[in-house]
Structures are given as C-alpha cells and as structure tokens.
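Peer 1: Below is a structure I'd like to ask you about.
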Amino acid sequence: MPSLEAAEITAGRLHLRPWRPYDADAVHRLCQDPQIQRWTRLPSPYEHAHAEDFATRQAPLSWVQGTGAPFAVVDATTEELLASVELMHITAQGEAEIGYWCAAHCRGQGVASQAVAAVCRWGFGTLGLSRIEWRAAVGNVASLRVARKTGFVLEGTLRQALVVGGGRRVDCWVGSRLPADPTPPGRPPHRSG
Ligand SMILES: CC(C)(COP(=O)(O)OP(=O)(O)OC[C@H]1O[C@@H](n2cnc3c(N)ncnc32)[C@H](O)[C@@H]1OP(=O)(O)O)[C@@H](O)C(=O)NCCC(=O)NCCS
Numbered sequence: 000m001p002s003l004e005a006a007e008i009t010a011g012r013l014h015l016r017p018w019r020p021y022d023a024d025a026v027h028r029l030c031q032d033p034q035i036q037r038w039t040r041l042p043s044p045y046e047h048a049h050a051e052d053f054a055t056r057q058a059p060l061s062w063v064q065g066t067g068a069p070f071a072v073v074d075a076t077t078e079e080l081l082a083s084v085e086l087m088h089i090t091a092q093g094e095a096e097i098g099y100w101c102a103a104h105c106r107g108q109g110v111a112s113q114a115v116a117a118v119c120r121w122g123f124g125t126l127g128l129s130r131i132e133w134r135a136a137v138g139n140v141a142s143l144r145v146a147r148k149t150g151f152v153l154e155g156t157l158r159q160a161l162v163v164g165g166g167r168r169v170d171c172w173v174g175s176r177l178p179a180d181p182t183p184p185g186r187p188p189h190r191s192g
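Heads up, the sequence shown is in numbering that gives the first Met the number 0, so the first residue is 0 and it goes up one at a time.
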C-alpha cells in the first residue's frame, strides 16, 4: 500500500489530527474508562506502555504503511483530547473499517458523530474509498446510534466475529456506508459543556 499523507481536518469546534507521542499520557488516562475497555479491541487492562506504543509507533506506522488513518480528536480551541476516530484495514481495493471511542466526560455531545462524519467525508473524498465498514459488539447501542446518525446502514450480525474487552469473543453488528449513501439530516453540532 502507498503511504498516506498524514491529514488534519477541522470540523466545527473539533480538530482532527495525527497522534503525537505526547498524547500517550492522555490516551492512557482516558482509556481506563470501563466502557472503552468493555466495547473496543484495546488491550485490557490498558497499561501505559500500550498507550505509548500506540502514540509513538502504531499510529505513525499506519500512515506510513497506508493501512490506516488514525486521528486524535481534540477541541479546536483548547486542544484537549476528546476522542479517537480511525480508519483501519485500508485496502488497495478501497475498503476500510471505522473505529472510535470518546472520552467519558464529553459523551452525548455529538463529538463522536461529528468526528466520524468528518472522517467518512475525508475517506470518500480524499482517499476515494468505496466502502467503509462499521462493526460493534451486539448491545453497544451508543456505537450503533453514532453509526446510524452518520449514515451507516446496518447489514446484520456476524457470529463471534469480534474480540473485545481484552479477549472476549462476541457476536457483532456489521454495517457499512457507501459514498452515495445520504448523510442523515440534522448532523448534530458539537455542544460544549
Ligand atoms: C460510542 C461512543 C464513541 C459515542 O460517543 P459520543 O460522543 O457520546 O457520541 P454522540 O454524542 O455523537 O452520540 C451518542 C448517541 O448515543 C446515544 N446513547 C449513548 N448511550 C446510549 C445508550 N446506552 N443507549 C442508547 N443510546 C445511547 C446518545 O443519546 C446519542 O444519541 P443522540 O445524539 O441521538 O442523543 C462512546 O459512548 C464511547 O466511547 N463508548 C465506549 C467505546 C465504544 O463503544 N466505542 C465504539 C466501539 S464499536
């Protein structure tokens, strides 16, 4: 895969940028949240070394290898780290998968939805992707809500197709968004506070 040029995206009050080594402390702190450890593929327990490896090695390598586009989502004014949105498993055929988490203290404000919508626009527009897939453990209704709000179409359930919570294999919902799919109306603004 050809390298991807690390990108920055501004979306309302959010700024999406590549991860930097200095993000490791905040990533480690925010990923202690039980919901993130329960529903994502991050290692659990999530040690500082995991965050350091992610911010200093894995994330930059994804861009260089052209296999992923991992974005830190920060407040455009304060630069506080709010969330993570990543295109993963990018293929030469134009497919990718999206993954995300949001800091516990700023959930329910549209942060994930707005950042996911921005990354999809960038993925279809700049990268020319043909399909972005979304997977979430069955029961992760907050993630399903974000996917629906950002135009993903639920396609079904895959049996035992996802490993979350540091090693739990579970059934997962699968959905996708195609370039021509409509953006649902009323994309929420990022509300502060
Ligand atoms: C999923 C997650 C990223 C959503 O982040 P967020 O910034 O709160 O998302 P948004 O505010 O854009 O939207 C969340 C929506 O889910 C809804 N929601 C949140 N928790 C919910 C629940 N338990 N049941 C139903 N809906 C729920 C919110 O009401 C909101 O919908 P609304 O805008 O119509 O009110 C966040 O909850 C998270 O980090 N969870 C843990 C990690 C995770 O599950 N990642 C996804 C793995 S596939």
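Cβ coordinates follow ideal geometry from the N, Cα and C atoms, glycine included.
Mind checking P1: buried by the 16 CB within 10 Å criterion, or exposed?
Peer 2: So P1 counts as exposed.
Peer 1: How should Q34 be labelled, buried or exposed, when 16 other C-beta atoms within 10 angstroms of its C-beta is the threshold for buried?
Peer 2: Classification of Q34: exposed, given that the 10 Å Cβ count is below 16.
Peer 1: Where does R176 fall in DSSP's three states?
Peer 2: If DSSP states are grouped into helix, strand and coil, R176 belongs with the strands.
Peer 1: C101: beta carbon under 7 Å from a heavy atom of ligand 1?
Peer 2: The answer is yes for C101.
Peer 1: Would you say the beta carbon of G109 comes nearer than 7 Å to a heavy atom of ligand 1?
Peer 2: Checking the Cβ of G109 against ligand 1 gives yes.
Peer 1: Return helix, strand or coil for S83, following the three-state DSSP convention.
Peer 2: Strand.
Peer 1: Can you tell me which residues form a DSSP beta bridge with Y99?
Peer 2: Bridge partners of Y99: V84.
Peer 1: Find the nearest neighbour of V152 within the set W172, H14, G166, A136, judged by alpha-carbon distance.
Peer 2: Taking only the C-alpha atoms, the option nearest V152 is W172.
Peer 1: So for L153, helix, strand or coil by DSSP?
Peer 2: Of the three classes helix, strand and coil, the one that applies to L153 here is strand, per DSSP.
Peer 1: To which residues does DSSP link W38 through a beta bridge?
Peer 2: Per DSSP, none; premise fails for W38.
Peer 1: Can you find at least 3 beta carbon pairs, one from the segment 125–144 and one from the segment 78–94, that sit closer than 8 Å?
Peer 2: Flag = yes, the segment 125–144 and the segment 78–94 touch.
Peer 1: Taking the alpha carbon of E85 as the point to measure from, which residue in Q64, R168, A114 has its own alpha carbon closest?
Peer 2: Checking every option, the nearest Cα to that of E85 belongs to A114.
Peer 1: Is the beta carbon of S142 less than 8 Å from the beta carbon of W38?
Peer 2: Going by C-beta atoms, S142 is nearer than 8 Å to W38.
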